[in-house]
Structure formats: C-alpha cells, structure tokens
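J.: This is the structure, below, for whatever I ask next.
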Amino acid sequence: MANDIWALAEITNGRLASISLQVASKAAELAKALGGASAAVAMGANTQAAGQELGACGVETVYAAEGSVYDEYLIQPQVETLAALIQQHQPRLVLFGGTNFGRDVAARVAARLGLGLEYNVGEVTLEGNDVVMTVPAFGGAQAVKMAFQGEGTRLLGARPNAFPTVRAGGAATVQQVSPASAPTRGAKVSGPFGTEGAAEAGHLGKAPDGHDIWMPAATRAKLEEAQIIVSGGRGLGGPQGFAQIEELATALGASVGASRAAVDAGWIPYGHQVGQTGKTVKPTVYIACGISGAVQHKAGMGTSSLVIAINKDKDAPIFGFCDLGVVGDLNVVVPQLTAAVKRRKGE
Amino acid sequence: MNIVVCVKETPSTTAEKRFGPDMRLERRKEDAIINPFDEYAIEEGLRQQEKHAGSTVTILCMGPATATETLRRALAMGGDRGVLVTDPALEGSDAIATAKVLAAALDKIGYDIALFGNAAADSYGGVVPSATAEFLGQPLLSYASQLDIEGGNAKIQRQAEVGYSVVEAGLPVVVSVVKAINEPRYPSMKGIMQSKKKPLDTFSLADLGVDAALVGAGAAREKAQSAEKISTQRKGEIYMGNDGAADRVVAFLAEQKVL
Numbered sequence: 002m003a004n005d006i007w008a009l010a011e012i013t014n015g016r017l018a019s020i021s022l023q024v025a026s027k028a029a030e031l032a033k034a035l036g037g038a039s040a041a042v043a044m045g046a047n048t049q050a051a052g053q054e055l056g057a058c059g060v061e062t063v064y065a066a067e068g069s070v071y072d073e074y075l076i077q078p079q080v081e082t083l084a085a086l087i088q089q090h091q092p093r094l095v096l097f098g099g100t101n102f103g104r105d106v107a108a109r110v111a112a113r114l115g116l117g118l119e120y121n122v123g124e125v126t127l128e129g130n131d132v133v134m135t136v137p138a139f140g141g142a143q144a145v146k147m148a149f150q151g152e153g154t155r156l157l158g159a160r161p162n163a164f165p166t167v168r169a170g171g172a173a174t175v176q177q178v179s180p181a182s183a184p185t186r187g188a189k190v191s192g193p194f195g196t197e198g199a200a201e202a203g204h205l206g207k208a209p210d211g212h213d214i215w216m217p218a219a220t221r222a223k224l225e226e227a228q229i230i231v232s233g234g235r236g237l238g239g240p241q242g243f244a245q246i247e248e249l250a251t252a253l254g255a256s257v258g259a260s261r262a263a264v265d266a267g268w269i270p271y272g273h274q275v276g277q278t279g280k281t282v283k284p285t286v287y288i289a290c291g292i293s294g295a296v297q298h299k300a301g302m303g304t305s306s307l308v309i310a311i312n313k314d315k316d317a318p319i320f321g322f323c324d325l326g327v328v329g330d331l332n333v334v335v336p337q338l339t340a341a342v343k344r345r346k347g348e
Numbered sequence: 005m006n007i008v009v010c011v012k013e014t015p016s017t018t019a020e021k022r023f024g025p026d027m028r029l030e031r032r033k034e035d036a037i038i039n040p041f042d043e044y045a046i047e048e049g050l051r052q053q054e055k056h057a058g059s060t061v062t063i064l065c066m067g068p069a070t071a072t073e074t075l076r077r078a079l080a081m082g083g084d085r086g087v088l089v090t091d092p093a094l095e096g097s098d099a100i101a102t103a104k105v106l107a108a109a110l111d112k113i114g115y116d117i118a119l120f121g122n123a124a125a126d127s128y129g130g131v132v133p134s135a136t137a138e139f140l141g142q143p144l145l146s147y148a149s150q151l152d153i154e155g156g157n158a159k160i161q162r163q164a165e166v167g168y169s170v171v172e173a174g175l176p177v178v179v180s181v182v183k184a185i186n187e188p189r190y191p192s193m194k195g196i197m198q199s200k201k202k203p204l205d206t207f208s209l210a211d212l213g214v215d216a217a218l219v220g221a222g223a224a225r226e227k228a229q230s231a232e233k234i235s236t237q238r239k240g241e242i243y244m245g246n247d248g249a250a251d252r253v254v255a256f257l258a259e260q261k262v263l
C-alpha cells in the first residue's frame, strides 16, 4: 500500500532481461527502508523461473501472469495486466528499466491511469519518507535532483546499470495472475527475430588464414547508444587482436569501437570508428585498448563518463584523460580482464 | 492516406544550455531546431507520401508561439501543411500532458498514421509516442527501422536489444522511428521558398477542448529541486604493470557501479 515498491520485469520470449534484476534489487531495498512490501510483476513465458530469480534479489512477492499473449502482441497485454495490478494494490512506486520495453509499457500505463513518470534516473535516495531521484542533464554535465509531486502511484525509469543487482538469496511468494486477453486492435508480433543489419556491423575483419571474423550476431548495441564500449587501436597488432576485444565486450555486454588507425589498417570496418571522422560516443564506460589517444580520437569519446586505458606506452596521450590507466601489455591484461569480469558476474 | 508527423522544437545540440530560475531548461528562440530524431519521422512521412498517391503530410508541433519558424523549416523538407499547438498554459507540461495534447490535436486533424521520432535530444525520455498511442486508443509500432504500409496495414521492423522483430497493426496507428530507418533529405531552395506559402494553423487548448488545469507546470507530477555540475575532472589513476591490473580494473568498475 502506501510504501509498497514494485519492479516491472521484462521478459521476452521467456528470457528475463538483466535490468529486471537491477530494478528488483532496488525495489527490495527501498521497500525495506520505507517499511513497505516489495513485489515484482512478471508477464510472459517462464514466469516461474523469472519469479525465482527476482525473489533471489529480495522482492517478497512476484505477480506472475503466464501466457503467450505477451509475446504475440507488442506491449498492450503487459499494459493491461500491470495497470490492473496497480489499480488493485496501489503501490507507491513502480521501478522499470529504461529499455524500449520499459519506456513503452510505463508510458502507456502512466497515460491510462494518470500517473507520474520519471525516466533516465541514475540514483534514488530517501530523504526521510521522500523519494529523491537524480537524473543527468545536458549530456551528463549536470545532475538534477527530482521529486514527485501529488498523490498516487509513480513510475520510475532506471538507466541501465544504474542500480546494482543484489542477490540477497531470498525466495518470493509467486502469486498467479490471469493473463491479459488479446487486444482487439493490437500490434501483432508477426515475425521472428531477425539479425540482418546487426551482422553488417559485426564483421571484424579477416583472420591470418583468410577466414572472416564475425561477432556473435545481433548482440551489440549501436555504438552511439552503447553503455559500455571496448575499443581497440593500433596496439592490437592486427585483426586477430579484435578477437580478444570482442571477448571482453561480450563479457561486459559492451559494443566494440576502434581507432582510425585500426580502421585504416583494414582490421575492422569503418562502422566501428570512434573519433572526429567516425562516431561520437558517450558511454558510461569507454575502455581504450592499444589506443594512443590522438586529439581526433578524443573528439569522439572525450565526454564518456569514465575512460579506462590500457597501453604499453606510458607516455601515450590517452593517459592524460583517463580515469584509470593501465600501463601494461594488452595481450596479457585484456584476456585476464575478460576472465575476471566473467568471474565477477558468476559466469 | 492522412500522415501526421509530430515534431518537437529542441535547443540545438551545440547550444550552451542552462536552467532558468524555475529549474527548467532555458530555451532561446535563436537556438531552436527541429529535434534531430524527428527529422527521420518527417523523412519517413514524405517517403510514404511518395509511395501512396493522394496522401497528405501534416507536420504537428506543440510549442511556444515562435515555433512557427521551426515548423516552416520542417515544411521546407516537404509536407502539405503545419499545425502548431500553442498556449501559455502549456508551459512546463510534462511528457504525459504533452501526449494528451498531441492526441487531442491528432484527433482533431484526423490521421491514418501518426509518426514520431523515438525520443527528443533534449530530454531523451522516449515516452511520448507510447503515451500518445494510449490516449488515442491505438496500437503503437515503436522503434521502427523499416515501415511498409499496404492494404490498410502497417508493418515494421522493430529494433530490439537483440536484432529486430516484425510487428504489424491495422491503420490508424502510431509509429515511432529510429535513425536507421532512412537518411533525411536537406531542404532544397525550392522547398524553402514553398514552405513560406504552406498553410499553417494554430490551435489553442480551447480549440482542442483540453482543460488547461490538466497541463502545464502546475499539473506536472515531477519537479526538479536542484542541479549541480558534475565534475569532468578525470581521476587519472595510473596502474603500472600487468600483475593485478585486471583485478584493479574490475574493482574500479565495481566502485563505479558498472559491474
């Protein structure tokens, strides 16, 4: 009721999105601090399994609506179910992940029920009983503190990776909810997932034996939208060097960038080029491997929130504008880093 | 086919930005541009018009009275007429109130397809297309990287976190597009000249029958309290050598809440 905090889970074709665990962890934390109950709403296929994962992140209840309708139509069935649950239980806050799914569902629910909605939230703190949100503005140059006004349930959209996943190890009570019926005027998901376009950008170049090196298809966010970018430069020594960049990117859920030197050498296609004559990117973390950091490269990535550089030349200009610089051999450090990231993520 | 493209006026991406005393973004007329994401929606509207003979393209904008200039710039790309929804009571409206007003305007204009850019460059909320679809009671085809309209049916490739899916709905429908969908044209000299003569209607809230108490800063459900500059000073920590470097990077990522 008054201080109940919920999380909207995102399930696509039976797969629970990782951001769901982030918002569930935060919902559990906030509910505890406010003395309310925590819950998550899981709709689609495999909600039982999703319920277990969400429960492990501390939410006490999972409202599970199992049904194929959620994958057969875009957003509308989820809106029906979530709106009905909100009306019935009147939670104080519903946290959602700032993904395409989260934005589409939350916006429709907010419009339907006349609820407040905030998005791109990077941090949530409690000042007494008040919820204060921090939202970046002007490309991250400023942090704005926001509060909700008035009464009623409020929807809060979290930036990806804003909240850590905390697997406290609890078990949620899974409460079955009847699935929504098919909308009369629906947006029907009629085709399978395609991978064209993603593959175009995924050609990493040629291996020494002549065969093409491809990224695993369709797993990369566009560079401009990526939260994490692992970039490679001349220091990689050749196209095969991008294989270890690619592995690190996979472990981090990152996209792959490159310096002009690597592109000009033909190690990776132009679409990956970051810099003045390539793309301008602004990820949360930019990891530059074997990139010296010419001013033209800086022009494309200088406003990244965090810059990590790995380079064997201690005098490389990149060490002048990084948050963490490793003076070392990337052929040693990058594979170790990939392994360490996997360990940390429990993979 | 009646095509309506919804556009937002945003400050130029290179303009110096600051908050006014009311903690809202200060918008200067001379910095105003068409939200760059919306140019893709305009272009798509024009391409659909070329494919479907007899179609009309209306550019719809909610903004200050001076946004007529932005609308003219949109009409220089093409399209038949502009509609500006402007009213002093609208100032400070939140995203949901904006959607309510756009929906009322779309209902008044009439539409088979309402096109949006997927987000605006000033706020990057990306919630107005979906909220507008809800107020209209229509299906939403969002994040379209391809749009095909045939026999009263709209079909998109929807950009997803992983690849894309195919989604379709009968008209009328709301569609939001991503940049991958096309390459917006530059206005030609002829287009710029013609844009000055195109009809441009202005609607107030009363014209749309929207209660002024439901929009504007007073009705906004979110309020900014304060803002502070984020230091761009980089930490500049240097770790020497290979040994333990990977662990230091992971610890750093964890400290920064990335891992």
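Just so you know, the sequences run in chain order A and B. For what it's worth, our numbering labels the leading residue of the first sequence as 2, then goes sequentially. For what it's worth, our numbering labels the leading residue of the second sequence as 5, then goes sequentially. Glycine included, C-beta positions come from ideal geometry on N, C-alpha and C. Remember, it's a predicted structure, so these values are computed and weren't measured experimentally.
Would ASP91(B) be called buried (16 or more neighbouring beta carbons within 10 Å of its own) or exposed?
T.: Within the second sequence, residue 91(B) is the residue found at index 87, counting from 1. It counts as buried.
J.: For LYS189(A), go through chain B and note every residue whose CB falls closer than 8 Å to its CB, in chain order.
T.: Position 188 of the first sequence, counted from the first residue, corresponds to residue 189(A). Within chain B, the residues near LYS189(A) are VAL171, GLU172 and ALA173.
J.: So what's LYS194(B) in DSSP terms, helix, strand or just coil?
T.: As a working mapping, residue 194(B) is identified with position 190 in the second sequence. Helix.
J.: Evaluate the contact criterion for the segment 39–50 of chain B versus the segment 84–101 of chain B: three or more CB pairs, one atom per stretch, below 8 Å.
T.: no
J.: Could you check which residue in LEU94(B), GLU187(B), LEU79(B) and GLN161(B) has the C-alpha nearest to that of LEU204(B)?
T.: Within the second sequence, the letter at position 200 stands for residue 204(B). Its Cα nearest to that of LEU204(B), the residue LEU79(B) stands out among LEU94(B), GLU187(B), LEU79(B) and GLN161(B).
J.: Note down the Cα distance separating ARG28(B) from LYS21(B), rounded to an integer number of angstroms.
T.: Here residue 28(B) refers to the residue found at position 24 of the second sequence. Here residue 21(B) refers to the residue found at position 17 of the second sequence. Taking the straight line from one Cα to the other gives about 11 Å.
J.: Excluding the five sequence neighbours on either side, which residues of its own chain have a C-beta within less than 6 Å of the C-beta of GLN23(A), listed in chain order?
T.: Locating residue 23(A) in the first sequence gives position 22, where the first residue counts as 1. Hits under 6 Å: PHE164 and THR166.
J.: On the three-state DSSP scale, how would you describe LEU253(A)?
T.: Counting from one through the first sequence, the residue named residue 253(A) turns up at place 252. Helix at LEU253(A).
J.: According to DSSP, is VAL333(A) helix, strand or coil?
T.: To locate residue 333(A), count along the first sequence from 1; it is residue 332. It is helical.
J.: Alpha carbons only, please: which of GLU54(B), THR62(B), THR60(B) and GLY96(B) is nearest the one belonging to PRO68(B)?
T.: Stepping through the second sequence from its first residue, residue 68(B) is reached at position 64. That would be GLY96(B), whose Cα lies nearest to the Cα of PRO68(B).
J.: What does ILE100(B) pair with, by DSSP beta-bridge criteria?
T.: Working through the second sequence from its first residue, we reach residue 100(B) at position 96. DSSP lists no partner for ILE100(B).
J.: With a 10 Å radius around its C-beta and 16 neighbouring C-beta atoms as the bar for buried, classify ALA172(A) as buried or exposed.
T.: The residue you call residue 172(A) lines up with position 171 of the first sequence. Exposed.
J.: Counting only beta-carbon separations shorter than 8 Å, does ASP5(A) have a partner in chain B?
T.: The count along the first sequence starts at 1 and reaches residue 5(A) at position 4. No, its Cβ sits nowhere closer than 8 Å to a Cβ of chain B.
J.: GLU119(A) CB to nearest chain B CB: under 8 Å?
T.: Within the first sequence, residue 119(A) is the residue found at index 118, counting from 1. Closer than 8 Å to some Cβ of chain B, the Cβ of GLU119(A) qualifies, so yes.
J.: Check the Cβ of PRO78(A) against every Cβ in chain B and list those closer than 7 Å, keeping chain order.
T.: As a working mapping, residue 78(A) is identified with position 77 in the first sequence. Result: empty, since nearest Cβ-Cβ is about 12 Å, beyond 7 Å.
J.: From ASP131(A) to LEU31(A), what does the alpha carbon distance come to, in whole angstroms?
T.: Position 130 of the first sequence, counted from the start, is the residue given in the question as residue 131(A). Position 30 of the first sequence, counted from the start, is the residue given in the question as residue 31(A). Near 11 Å, if we compare the C-alpha coordinates of LEU31(A) and ASP131(A).
J.: Is LYS233(B) helix, strand or coil when you go by DSSP?
T.: Indexing the second sequence from 1 puts residue 233(B) at position 229. Of the three classes helix, strand and coil, the one that applies to LYS233(B) here is strand, per DSSP.
J.: Using the three-state DSSP reduction, which class does PHE97(A) fall into: helix, strand or coil?
T.: Translated into the one-based positions of the first sequence, residue 97(A) becomes position 96. Looking at PHE97(A) - three-state DSSP - the assignment turns out to be strand.
J.: Give me, in chain order, the residues of the same chain whose beta-carbon lies closer than 6 Å to that of ASP116(B); leave out the 5 immediate sequence neighbours on both sides.
T.: Along the second sequence, one-based indexing puts residue 116(B) at 112. Around ASP116(B): MET5, ASN6, LEU175 and PRO176.
J.: Keeping to the same chain, check which residues put their C-beta closer than 6 Å to that of PRO78(A); ignore five residues upstream and five downstream.
T.: Locating residue 78(A) in the first sequence gives position 77, counting from the first residue. Around PRO78(A): VAL70, TYR71 and ALA181.
J.: Mind listing the chain A neighbours of ARG225(B)? Cutoff is C-beta to C-beta under 9 Å, in chain order.
T.: The residue given as residue 225(B) occupies position 221 in the second sequence. The answer, in chain order, is ALA111, GLY115, LEU116, GLY117, LEU118, GLU119, PHE149, GLN150, GLY151, GLY153 and ARG155.
J.: May I ask you to list, following chain order, the residues of the segment 282–316 of chain A that have a beta carbon less than 7 Å from some beta carbon of chain B?
T.: THR285, VAL286, LEU307, VAL308 and ILE309
J.: Would you call the segment 144–157 of chain B and the segment 122–137 of chain A in contact, with 3 or more CB pairs under 8 Å?
T.: no
J.: DSSP state of TYR128(B), grouped into three classes?
T.: Within the second sequence, residue 128(B) is the residue found at index 124, counting from 1. It is coil, neither helix nor strand.
J.: My assumption, with CB atoms under 8 Å, is that VAL171(B) sits in contact with LYS223(A). Please give the rounded CB distance.
T.: Here residue 171(B) refers to the residue found at position 167 when the second sequence is read from its first residue. Here residue 223(A) refers to the residue found at position 222 when the first sequence is read from its first residue. Wrong, their Cβ atoms sit about 20 Å apart, outside the cutoff.
J.: SER169(B) by DSSP, collapsed to three states: which one?
T.: For the purposes of this step, residue 169(B) is identified with residue 165 of the second sequence, where counting begins at 1. Correct three-state label for SER169(B): strand.
J.: So, with DSSP's three-state summary, where would you put PRO40(B)?
T.: In the second sequence, counting from the first residue as 1, residue 40(B) sits at position 36. Three-state result, PRO40(B): helix.
J.: Using 8 Å as the limit for Cβ to Cβ distance, is TYR44(B) near chain A?
T.: Locating residue 44(B) in the second sequence gives position 40, counting from the first residue. By this cut-off, TYR44(B) is not an interface position.
J.: Tell me ALA228(B)'s beta-bridge partners as DSSP assigns them.
T.: Position 224 of the second sequence, counted from the start, is the residue given in the question as residue 228(B). Partner(s): MET147(A).
J.: Would you call the segment 329–345 of chain A and the segment 240–249 of chain B touching, i.e. three or more CB-CB distances under 8 Å?
T.: Three or more pairs of CB atoms, one per stretch, sit closer than 8 Å, so the segment 329–345 of chain A contacts the segment 240–249 of chain B.
J.: Return the first residue and the last residue of the alpha helix (DSSP H) that GLU259(B) is part of.
T.: Reading the second sequence from its first residue, position 255 is the one you call residue 259(B). 249–259 is the span of the alpha helix (DSSP H), which, as asked, contains GLU259(B).
J.: What's the gap between the Cα of GLY130(B) and the Cα of ALA111(A)?
T.: Against the second sequence, residue 130(B) aligns to sequence position 126. Against the first sequence, residue 111(A) aligns to sequence position 110. Spanning the two alpha carbons is a distance of roughly 13 Å.
J.: Cα separation between TRP215(A) and ILE311(A)?
T.: Locating residue 215(A) in the first sequence gives position 214, where the first residue counts as 1. Locating residue 311(A) in the first sequence gives position 310, where the first residue counts as 1. Unreliable placement is indicated for TRP215(A), whose pLDDT of 47 sits below 50; no coordinate value is reported for it.
J.: Can you name, in chain order, every residue of its own chain whose Cβ lies under 8 Å from the Cβ of VAL106(A), other than the five neighbours on each side?
T.: Reading the first sequence from its first residue, position 105 is the one you call residue 106(A). Closer than 8 Å at the Cβ level, and outside the excluded window around VAL106(A), lie LEU9, ILE76, GLN79, VAL80, LEU83 and PHE97.
J.: Check whether the Cβ of PHE120(B) lies closer than 8 Å to any Cβ atom in chain A.
T.: Sequence index remark: in the second sequence, residue 120(B) carries index 116 (1-based). No - not a single Cβ of chain A is within 8 Å of the one on PHE120(B).
J.: For TYR397(A), is the classification buried or exposed, using 16 other Cβ atoms within 10 angstroms of its Cβ as the cut-off for buried?
T.: Limits of chain A in this structure are 2 at one end and 348 at the other, which puts residue 397(A) out of reach.
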